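One structure is given below, encoded as structure tokens.
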Amino acid sequence: MKGFVLKCILYSLPVIGLHVIAAYCADGFTDAYYLRFTSLPQKHLIVGSSRAAQGLRPAFISQAMSEGETSFFNYAFSLVHSPYGETYKKSIEKKITPDLKDGSFIVSVDPWSISAKSEAPEDGSLFNEWRTELGKTERVNMSPNFEYLMENYPKGWFRMILRKLRPSPSIHELHSDGWLEIDLSMQPLDLIKREKRKFKDYRNNMTRLSPSELRTQGLIATIEMLDSMGDVYLVRLPVPEEMLTIEDEYMPHFDERMTEISERFSLPYYNMTLLPDTFRYVDGNHLYRSSGKSVSRLVGKFIQQEER
Amino acid sequence: MLFNSIDFAVFLPLVFVIYWMIERRGLRVQNGFLLLASYVFYGWWDWRFLSLILFSSLLDFSLGLRMAKTENRNLKKRLLVTSLLVNLGFLGFFKYYNFFLDNVQEAFTLFGSPLEMRGLDIILPVGISFYTFQTLSYTLDIYKGKLKPTKDLMGFLAFVSFFPQLVAGPIERASNLLPQFHRPRVFDRLKAEDGMRQMLWGFFKKIVIADNCALIVNEVYADVGGMEPYMLVLGALLFTFQIYCDFSGYSDIAIGCARLFGFDLMRNFAFPYFSRDIAEFWRRWHISLSTWFRDYLYIPLGGSRGGKWMKVRNTMIIFVVSGFWHGANWTFIIWGALNAIFFLPLLLSERNRANVGEIAAGRTLPSFREFRGILVTFILTNFAWIFFRAKSLGQAMEYLKGILSTSPSEYMLQAMSLAAEMRTEKFILFIGFLLIMEWWNREKQHGLEIAHRPPWVRRGLYFFIVLVTFTYGTFQEQQFIYFQF
């Protein structure tokens, strides 16, 4: 029996060793979320959905603030992972430096991140984000993040070693500051196809989802928490005209509600949908990286003005 | 607790070490520990249903003792009927209540008198179809005088709940497994090593092949109407491998795991896709279930004795019931009926035992005749699996319509573009590896029974399989298909 156990251990050791090596190979190409759970606790965060994840580039926000000291970390995910609510709020809290008082937080808002399934938009027990990578990851500041990889990485870990040895093109790269870079063809035909599909999806969302007061309370609770730790800036990112039309139809009083919240907490609200739509989008929803640069600089300048 | 989970990876070594450490304390202690471990294993999923398995076990334990004490045939019968009613009653309620309700409502609606009946939100206890049949085999065998009841409650409870085979089989017969709880187990290194090999093979089948196939199959079945015909064909083909690798993979892990503890479970799959006809397929597929139905339903009904119509009747009953055992849906019933239709010509022409020997015995490759038989059987089972996988009869018919909606030349063109797309799907190559390994070891108990091969072959294969599993395996939570039964 001892011989058998020893043999098992001997065979297991290289397998376990390779897994540990693989974990160290995990990087921004592992998936669209992993790196966000490996940085140290942060003082300045960007939170929101995939619009913020792809549209707000921390490096250019800091650059525009021309202080060089405020470096943001993009902790925005997607409508599935990070609609406003208890799960996202808890995760954000874990991501922030303990006992922080002088943080800066960009809270990206849009009608979809305060919506829920039409069948029961006020039934929190039907909110599913607890099942996602964000909801399942308790430790959000560990590198390598073994917990995240064990719970969420759907493939064999040795792939990560393979990838390190033989890099291959990827349509996405998650940067160490949390910005998710997407690399899709911007050829007009491809773009039109993606836009059409996106607008169709969001038109379907108008019936599939409904505004949720519970989620709005989740947003307010998040803002309240962040407000106690520093300065909060509400931002509504720009979208193409057709998407804006859909959103105005879906939630006509969205801006009023956001203005109301911003006044309640005396925090600035930067509604970028009011800007001239000179930006480029990857799919009618998410900003293309060059436009993300411009938008990020505008947000940086806005924050700087507000700080004065 | 799933076999392919971190929880099990921690659970198994712990249980293994403690189990053999307490061997000296005697059988009772070992059985008690196995019982505890099995209840932890089962309760990990939902502790509330522990009471159900405990109740079933206690009931059949006491009924078995009572049956053996009496000489009165009628009383024996009544006790057996009690066991059947209670166990099948639980199974019927948890598995079939809503199905019957829906069909009754539909029938009334058809006759113009709609009936309003509310369905219940019932959670199907994992493994109920398996352990119910296992405990029933105990009372049935006692009734038939084939088995003496046990007075060892601990051993009996451990037999019913034995964790390697509790939730998805093999469905053990009391006459095979129960005595193993009553005799000391001795650690057998060679047995344990082969058990590990079998587990490795099972994990490979499940994680690399079944779960990768599932990703494509789920996509195809989620949008049957929107799929190209060649994708439907691919979906059907991949499901054939998914269900085999998922289920036989689980069985391999269960059997291999049991061997670590000194137990021998019955074989559940004997390379069924190498079958030369459908009768042989049913001697090689889910052997524990098909033999259970043969012994406890088919033979009592008269079996193959009697006239032609008796044979047809009994065959239809057994296949339809077997289909129905899988789930509360007409698709399973039709799947069972289809298999009966494929089987009957062989039975009626007395060719159902034409292929009982080993395939290509003493040869490397099958003969042309054998290969033709294998191909035809494969196509027939493939066809029937479409119904098994579909969520409704409508979807199954839509699926078939979709497959038949294009010309052969169009299929060729589509197949070529598919081949180009699929070349990046390495797991397809591993299906080839699976077939080669299982063909190579077709006369053995499992696909990786290679103890007799030179060390460099064995270690090379272990290295390759581990590498492939941890590189190309899918670790998304894909439950074993048969958990839902």
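Top to bottom, those sequences are chains A and B.
One point on numbering: in our numbering, the residue at position 53 of the first sequence is 53, and numbering is uninterrupted.
Each number in our numbering corresponds to the 1-based position in the second sequence with 308 added.
Just so it is clear, CB atoms sit at the ideal spot from N, CA and C, and this is done for glycine as well.
Nothing here was measured: the structure is a model prediction, and the numbers come from that model.
Closer than 7 Å by beta-carbon distance: list the chain A residues that pair up with residue 775 (chain B), in chain order. 158
Would you say residue 88 (chain A) reaches chain B, if we count a Cβ-Cβ gap shorter than 8 Å as a contact? no
Would you list, in sequence order, the uninterrupted beta strand (DSSP E) runs of no fewer than 3 residues that lie entirely inside the region 210-262 of chain A? 230-236
Under 8 Å from the C-beta of residue 153 (chain A): neighbouring residues of chain B: 783
Hey, how far is the Cα of residue 692 (chain B) from the Cα of residue 566 (chain B)? 32 Å
Could you compute how far the alpha carbon of residue 185 (chain A) sits from the alpha carbon of residue 284 (chain A)? 14 Å
With 8 Å set as the bound, which would you pick, yes or no: does the beta-carbon of residue 648 (chain B) sit closer than that to a beta-carbon of chain A? no
Could you spell out where the alpha helix (DSSP H) holding residue 647 (chain B) opens and where it closes? 638-656
Distance check for residue 762 (chain B) and residue 581 (chain B), CA to CA, integer angstroms please. 28 Å
Which word fits residue 717 (chain B), buried or exposed, when buried means at least 16 other C-beta atoms lie within 10 angstroms of its C-beta? exposed
Determine the closest residue to residue 450 (chain B) out of B:571, B:723, B:483, with distance taken between C-alpha atoms. B:483
Buried or exposed: residue 13 (chain A), going by 16 or more other Cβ atoms within 10 Å of its Cβ? exposed
Output, in chain order, the set of chain B residues within a Cβ distance shorter than 8 Å of residue 37 (chain A). Simply none; closest approach about 17 Å.
Euclidean distance between Cα positions of residue 560 (chain B) and residue 513 (chain B): 9 Å
Given this structure, state the Cα-to-Cα distance separating residue 108 (chain A) from residue 631 (chain B), to the nearest angstrom. 53 Å
At 8 Å on the CB atoms, spell out the chain A contacts of residue 497 (chain B), in chain order. 1, 3, 4
Between residue 314 (chain B) and residue 65 (chain A), which are expected to be in contact by the criterion C-beta below 8 Å, what is the C-beta distance as a whole number of angstroms? Rounded, the Cβ-Cβ distance is 43 Å, inconsistent with contact.
Check the Cβ of residue 328 (chain B) against every Cβ in chain A and list those closer than 8 Å, keeping chain order. 1
Residue from A:256, A:257, A:165, A:251 whose Cα sits closest to the Cα of residue 25 (chain A): A:165
From B:388, B:373, B:441, residue whose alpha carbon lies closest to that of residue 400 (chain B): B:441
Quick one: give me the first and last residue of the beta strand (DSSP E) that residue 174 (chain A) is part of. 172-174
Could you please tell me which residues of the region 14-33 of chain A, in chain order, have their CB closer than 7 Å to any CB of chain B? 15
In chain order, what residues of the same chain lie with their CB nearer than 6 Å to the CB of residue 493 (chain B), ignoring the 5 residues before and after it? 570
Could you give the distance in angstroms between the alpha-carbon of residue 334 (chain B) and the alpha-carbon of residue 660 (chain B)? 48 Å
Measuring only the C-alpha atoms, how far is residue 535 (chain B) from residue 695 (chain B)? 17 Å
Measuring straight from C-alpha to C-alpha, what distance separates residue 163 (chain A) and residue 779 (chain B)? 11 Å
Give the residues of chain B in contact with residue 287 (chain A), contact being defined as C-beta atoms less than 8 Å apart. By Cβ distance, chain B contributes nothing, its closest Cβ being about 29 Å from residue 287 (chain A), past 8 Å.
Can you tell me whether residue 498 (chain B) is buried or exposed? The criterion is at least 16 other CB atoms within 10 Å of its CB, across all chains shown. exposed
Would residue 589 (chain B) and residue 689 (chain B) be called neighbours here (beta carbons separated by less than 8 Å)? yes
Neighbour-count burial assignment, residue 253 (chain A), 16 or more Cβ in a 10 Å radius: exposed
Residue range of the alpha helix (DSSP H) that includes residue 116 (chain A): Residue 116 (chain A) -> not in any alpha helix (DSSP H); beta strand (DSSP E) instead, spanning 115-117.
When the Cα atoms are used, what is the spatial distance from residue 364 (chain B) to residue 153 (chain A)? 39 Å
Under 8 Å between beta-carbons, which chain B residues line up against residue 162 (chain A)? List them in chain order, please. 779
Since residue 124 (chain A) and residue 219 (chain A) are thought to touch, with beta carbons under 8 Å apart, how far apart are those beta carbons, to the nearest angstrom? Wrong, their Cβ atoms sit about 14 Å apart, outside the cutoff.
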